[in-house]
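There are 4 protein chains.
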Amino acid sequence: MKFLKDLFSDHKDKLKRNPLKEKIFEIIFESDTYYGKIFNIALLSLILISVGLVMMESVASINMRYHKLLVVFEWIITVLFTIEYALRIYSTRKPIRYIFSFYGIVDLLSILPTYLGIIYPSTKYLASLRILRLLRIFRIFKLTQFLRGGNTILIALQRSRAKIVVFLSFIILIVVVIGSLMYIIEGKHPESGFTSIPTSIYWAVVTLTTVGYGDLAPVTALGKFLSSVVMIIGYGVIAVPTGFITAEVIRKKSIPEPRENTQVCQNCHDSNHLDGAKYCKTCGFPLHRDMES
Amino acid sequence: MKFLKDLFSDHKDKLKRNPLKEKIFEIIFESDTYYGKIFNIALLSLILISVGLVMMESVASINMRYHKLLVVFEWIITVLFTIEYALRIYSTRKPIRYIFSFYGIVDLLSILPTYLGIIYPSTKYLASLRILRLLRIFRIFKLTQFLRGGNTILIALQRSRAKIVVFLSFIILIVVVIGSLMYIIEGKHPESGFTSIPTSIYWAVVTLTTVGYGDLAPVTALGKFLSSVVMIIGYGVIAVPTGFITAEVIRKKSIPEPRENTQVCQNCHDSNHLDGAKYCKTCGFPLHRDMES
Amino acid sequence: MKFLKDLFSDHKDKLKRNPLKEKIFEIIFESDTYYGKIFNIALLSLILISVGLVMMESVASINMRYHKLLVVFEWIITVLFTIEYALRIYSTRKPIRYIFSFYGIVDLLSILPTYLGIIYPSTKYLASLRILRLLRIFRIFKLTQFLRGGNTILIALQRSRAKIVVFLSFIILIVVVIGSLMYIIEGKHPESGFTSIPTSIYWAVVTLTTVGYGDLAPVTALGKFLSSVVMIIGYGVIAVPTGFITAEVIRKKSIPEPRENTQVCQNCHDSNHLDGAKYCKTCGFPLHRDMES
Amino acid sequence: MKFLKDLFSDHKDKLKRNPLKEKIFEIIFESDTYYGKIFNIALLSLILISVGLVMMESVASINMRYHKLLVVFEWIITVLFTIEYALRIYSTRKPIRYIFSFYGIVDLLSILPTYLGIIYPSTKYLASLRILRLLRIFRIFKLTQFLRGGNTILIALQRSRAKIVVFLSFIILIVVVIGSLMYIIEGKHPESGFTSIPTSIYWAVVTLTTVGYGDLAPVTALGKFLSSVVMIIGYGVIAVPTGFITAEVIRKKSIPEPRENTQVCQNCHDSNHLDGAKYCKTCGFPLHRDMES
Chain S
29 MKFLKDLFSD
39 HKDKLKRNPL
49 KEKIFEIIFE
59 SDTYYGKIFN
69 IALLSLILIS
79 VGLVMMESVA
89 SINMRYHKLL
99 VVFEWIITVL
109 FTIEYALRIY
119 STRKPIRYIF
129 SFYGIVDLLS
139 ILPTYLGIIY
149 PSTKYLASLR
159 ILRLLRIFRI
169 FKLTQFLRGG
179 NTILIALQRS
189 RAKIVVFLSF
199 IILIVVVIGS
209 LMYIIEGKHP
219 ESGFTSIPTS
229 IYWAVVTLTT
239 VGYGDLAPVT
249 ALGKFLSSVV
259 MIIGYGVIAV
269 PTGFITAEVI
279 RKKSIPEPRE
289 NTQVCQNCHD
299 SNHLDGAKYC
309 KTCGFPLHRD
319 MES
Chain A
29 MKFLKDLFSD
39 HKDKLKRNPL
49 KEKIFEIIFE
59 SDTYYGKIFN
69 IALLSLILIS
79 VGLVMMESVA
89 SINMRYHKLL
99 VVFEWIITVL
109 FTIEYALRIY
119 STRKPIRYIF
129 SFYGIVDLLS
139 ILPTYLGIIY
149 PSTKYLASLR
159 ILRLLRIFRI
169 FKLTQFLRGG
179 NTILIALQRS
189 RAKIVVFLSF
199 IILIVVVIGS
209 LMYIIEGKHP
219 ESGFTSIPTS
229 IYWAVVTLTT
239 VGYGDLAPVT
249 ALGKFLSSVV
259 MIIGYGVIAV
269 PTGFITAEVI
279 RKKSIPEPRE
289 NTQVCQNCHD
299 SNHLDGAKYC
309 KTCGFPLHRD
319 MES
Chain H
29 MKFLKDLFSD
39 HKDKLKRNPL
49 KEKIFEIIFE
59 SDTYYGKIFN
69 IALLSLILIS
79 VGLVMMESVA
89 SINMRYHKLL
99 VVFEWIITVL
109 FTIEYALRIY
119 STRKPIRYIF
129 SFYGIVDLLS
139 ILPTYLGIIY
149 PSTKYLASLR
159 ILRLLRIFRI
169 FKLTQFLRGG
179 NTILIALQRS
189 RAKIVVFLSF
199 IILIVVVIGS
209 LMYIIEGKHP
219 ESGFTSIPTS
229 IYWAVVTLTT
239 VGYGDLAPVT
249 ALGKFLSSVV
259 MIIGYGVIAV
269 PTGFITAEVI
279 RKKSIPEPRE
289 NTQVCQNCHD
299 SNHLDGAKYC
309 KTCGFPLHRD
319 MES
Chain G
29 MKFLKDLFSD
39 HKDKLKRNPL
49 KEKIFEIIFE
59 SDTYYGKIFN
69 IALLSLILIS
79 VGLVMMESVA
89 SINMRYHKLL
99 VVFEWIITVL
109 FTIEYALRIY
119 STRKPIRYIF
129 SFYGIVDLLS
139 ILPTYLGIIY
149 PSTKYLASLR
159 ILRLLRIFRI
169 FKLTQFLRGG
179 NTILIALQRS
189 RAKIVVFLSF
199 IILIVVVIGS
209 LMYIIEGKHP
219 ESGFTSIPTS
229 IYWAVVTLTT
239 VGYGDLAPVT
249 ALGKFLSSVV
259 MIIGYGVIAV
269 PTGFITAEVI
279 RKKSIPEPRE
289 NTQVCQNCHD
299 SNHLDGAKYC
309 KTCGFPLHRD
319 MES
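Protein chains in written order, with the numbering used here: chain S, 29 to 321; chain A, 29 to 321; chain H, 29 to 321; chain G, 29 to 321.
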């Protein structure tokens, strides 16, 4: 069966296929096969451990005690991730496509910080960006139900795009205007903390979004009055995006989505293939056999 | 009538029934009968008083003055609750089922802290978990209208489960990424309080959810700018769960729910039996006579 | 015309009518007539001025300078309001009904504090409750469109009553449980401010509602972690009441409401009579002539 | 073609047309033509630069170093904006109409502060109001999709007007009442910061809107209890405007809006003309030729 598929695909793409490359691809990029599943679960665990290590390193009391241990582990994991990244580039047919895909960039970002940390020490904490690699979790465990949940959110956001842009523009205009006014009102009172217009704009954002740290707070009567107005605006304005997102969600016609598998095309890096699909839906390149079918 | 029911049920469950056990069960677990109602109202009052006592004990000024009195009352109530817990186990036909049911665990949690408090003093304050026992209030007073309100909320939450998981994952990813970035930006300024990545992640949660304590606040210009972006994201993102919950609530077909009584099956601890039901809808065990029917 | 109406109404209520009483009633309670309009606008202005005076008196710097003036004005207004209150009681046919109506209580509350202030000085600031008298503004200016807006809100709230009760119970349970846990975790660290369970419950409310003063904030790692969970719950839970209110509003069938006038029945204090109505819709007592008809 | 149009329009408005005036109008007010586009992009850039300069000037450390440079640039830009403002008045046929239109006022507000700054120094920071000029951006770049997004928001807000007024009145009444009560409760404790009723009302707004700076926070038990109630009210009340905005958005029938161009009528300052329109839809005055048609 596999032989036949290989035969046909060779006809199609006129390229000699490399069984080792394919095996590596199957294990690293897919989680339908037995070894693929094991590899991916190991990878996810390693990512979690690694993020935990980075966090621990940043805590002074832990770092003082276990500094050496943490550094050693950190380097072991980084080397493993580097090898994995190299294998991903090696095994795919279109490395450039992988490198500049979302996951390709995330994979690179999860090894770079440790190397850069040799030169710029504080950079190494960026290694916690590795947590973004966990996004693969939904595909690996076939949590398509959750993927669909995510899709629905994305679609609703996308449809409300124009309104979101208008809303953000409005927010930016309002915080600049209010920030400037507050600077003129409160700027003479150094105890209020309104030391410049950018700082006052920061305060306006803190207030309008109802966060309210209190590191900056008006001290004059006029400043307090204007703040109250800003707060009530912010309190009411929050209704606007909610109203639009809700309307989009209700309007949306629910399209039944078929069960997808976790395979990634070795040629064009397209994913979301249907269960049982034999060829890539985008480039026609043969997909690997689904372990369960 | 009762005799006949008993007769039939004996045929059904092939078990000799114990009238004392049944009487206790009727009083403790049901509130349709006269004594059951009295018992349950007394119990609810005792729970409220007891939670009040635990709170008072935690207030230094009150505790100093009335320490002995509070301890005595605390122990009297705990002993009463312990007796009640023992009777509940004794009177039910399937003690294991009761012990591991939600209410069984809550009932145990409401007596354990006082005993554990002998060894670990601070544990005794957990006795305020007794307040969870009040959840029975809705069933006891036949507040089915409110139960239905609660059900509707639960159903809406359950249907949105996939979206909630995706949403929470997104929130976790975002706070880890932002927390790490803020640690790199603000970490060198000890007055800002960003002393480690976990602390910065805590700050990110405080900011994204628009709580904004102000115990940690950015001091650098870049930190303030990134904070502003996080706040605006948090302010807008709140629209997403709202949109989905609202859509679920609207989509929901309102099913007319019949009036339920407050009886609990002595055999399988199933509740929510219909008014006038004579046998448990789940295991066929005869239920007690409804006082009102 | 008026003569005829009076004749008929006398037949109806078998009571001799007092023209002075009626005139006073017309001016004080109604704003359709010329003098009624003037009286009510004067009254509203006086209320606003009076609330402003109470506020000014509470500001130390203003009070020091103008204390005597403020006290004199305060007493003049209070005496005027007292006379008005007496006239309201005198002119209505059912004084008891007026006294215990919502506006009757508000009218009393707006004069009592000043008198009580002689004995308990701080009580006099309650005089700012006079602002509630402004609620009449909507009826006086025939802002029925806005009244309807208010009604829609009230109806939506009323229909969601059961869900609101369940929601509040849930909030209370959650803050008691979380408050107790936080007291056990943070109570040993006096710098955190978690000095008792009630204080910790207050913190839990401050956090769950995303207010976040920062007067209390966790200092331990575990406390910060639990806080983060509480915040995310609070952030998501806000979606629940919004969802239900929205659903109610959408479900609501909009009933066209006819234009109402501002008359109040002298006999039963019912308001919201239709424009052009000649008799009270509730007790049949004749209403005053509408100035505009 | 243009000649014919000019001919006809002359018949219409019985006024000799001034080619220079028209050319200036075309460049300044319209962005369909080549020069108009260039002019408007240059203008937008200048506005952004100018707002940036004002902000930089307010930052003490930057101002100390580059004070002279900033002042020079500020004056160059202000002079350019003044010339532009003069040309706008000169080229339009109805200057009064332009001067009192929204954009006319914004254009004036963006030059006035610098001149006023000579007399009242702090006034010059109002120059950041120039950012409002950016509102033209949507019309200039034909971002009609976004304009429509804005329109939808405005329509939803307008239809909810009555409810918004009622809601705001309710908020104002509630904060005055709560502020007064809190002043009576907390006023005796100077460390709480509730020094006057207006300050307490400010606190009530900060709390009800869930901003929560923490510059004022209750210290008494009763104050904390009342605060908790206010917070829960505020937390729930936010659902009301959201519910109404959402309902409005859903109810709205989406009217297909035709593509509009960016021309402004030289005679009556009406904008939003249809693509390809040759005469002003409001006053019949001929419009300029659309570059693209």
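The beta carbon of each residue, even a glycine, is placed where N, CA and C say it ideally should be. Since the structure is predicted, the reported quantities are computational estimates derived from the model, not experimental observations.
From the listed residues S89(H), I52(H), G221(H), V79(H), the smallest Cα separation to G251(H) is found for G221(H).
Along the segment 247-277 of chain G, going in chain order, the ones with a CB nearer than 8 Å to a CB of chain H are A249, K252, F253, S255, S256, M259, I260, G262, Y263, G264, I266, A267, V268, T270, G271, F272, T274, A275. For R116(H), the uninterrupted alpha helix (DSSP H) run begins and ends at 88-119, by DSSP. For the C-beta of D135(G), not a single chain S residue is nearer than 7 Å; the gap to the nearest is close to 15 Å. Taking the CA atoms as reference points, A190(S) sits about 38 Å from L254(H). Put simply, the backbone Cα of N91(A) is about 8 Å away from that of L98(A). The distance from the Cβ of I229(H) to that of V204(H) is about 6 Å, consistent with a contact at the 8 Å cut-off. Three or more pairs of CB atoms, one per stretch, sit closer than 8 Å, so the segment 49-59 of chain H contacts the segment 116-129 of chain H. Distance from the CA atom of I127(A) to the CA atom of V234(A), rounded to whole angstroms, is 38 Å.
With respect to the 8 Å criterion, V82(A) and I225(H) are classified as neighbours on the basis of their beta carbons.
Nearest to V107(G) by C-alpha distance, out of T270(G), K216(G), Y143(G), is Y143(G). Taking 8 Å as the CB threshold, D243(H) lines the interface with chain G. Around the beta carbon of V100(A), fewer than 16 other beta carbons sit within 10 angstroms, so the residue counts as exposed. In summary, L160(H) is buried, with 16 or more beta-carbon neighbours lying within 10 Å of its beta-carbon over all protein chains present. Taking C-beta atoms as the reference points, G64(G) and I75(G) fail to come closer than 8 Å. Using a Cβ-Cβ cut-off of 8 Å, G178(G) counts as an interface residue toward chain S, since at least one Cβ of chain S sits closer than that to its own. The Cβ atoms of D60(A) and G242(H) do not sit closer than 8 Å to each other.
Interface with chain G (8 Å Cβ-Cβ cutoff): T238(A) is included. Boundaries for I266(G): no alpha helix (DSSP H) harbours it, and the DSSP string shows neither H nor E there. When the Cα atoms are used, V194(G) and V193(H) turn out to be separated by approximately 24 Å. Excluding residues up to 5 positions away in sequence, T180, A184 lie with their Cβ nearer than 8 Å to the Cβ of V277(S) in the same chain. Within 10 angstroms of the beta-carbon of S156(G) lie 16 or more other beta-carbons, which makes it buried.
Among the residues facing chain S, I225(A) is included, as its CB has a counterpart in that chain under 8 Å away. Taking all protein chains shown into account, Y62(G) has fewer than 16 neighbouring C-beta atoms within 10 Å of its C-beta and is therefore exposed. Setting aside the 5 residues that flank it on each side, P123(H) is surrounded in the same chain by I117, each with a C-beta closer than 8 Å to its C-beta; the list follows chain order. Residue contact with chain A for L201(H): present (Cβ-Cβ distance below 8 Å to some residue of chain A). Residues of chain A with a Cβ closer than 8 Å to the Cβ of Y230(S) are, in chain order, K252, F253, S255, S256.
With the criterion set as a beta carbon lying under 8 Å from some beta carbon of chain S, the members of the segment 73-94 of chain G are V79, V82, M83, S86, V87, A88, in sequence order. For E50(H), the enclosing alpha helix (DSSP H) begins and ends at 47-57. Scanning chain H for C-beta atoms nearer than 9 Å to the C-beta of G215(G) yields S86, S150, Y153, reported in chain order. Of the other Cβ atoms in all chains shown, fewer than 16 fall within 10 Å of the Cβ of P47(G); this residue is therefore exposed. Scanning its chain for C-beta atoms nearer than 7 Å, with the 5 sequence neighbours on each side dropped, one finds around G132(A) the residues Y126, in chain order. Distance from the Cα of G207(H) is smallest, within the candidate group S86(A), T223(A), I261(A), I66(A), for S86(A).
S188(H) and T248(H) have their C-alpha atoms some 40 Å from each other. One Cα belongs to S73(G), the other to L136(S), and the distance between them is close to 36 Å. Annotated three-state conformation of S224(S) is coil, per DSSP.
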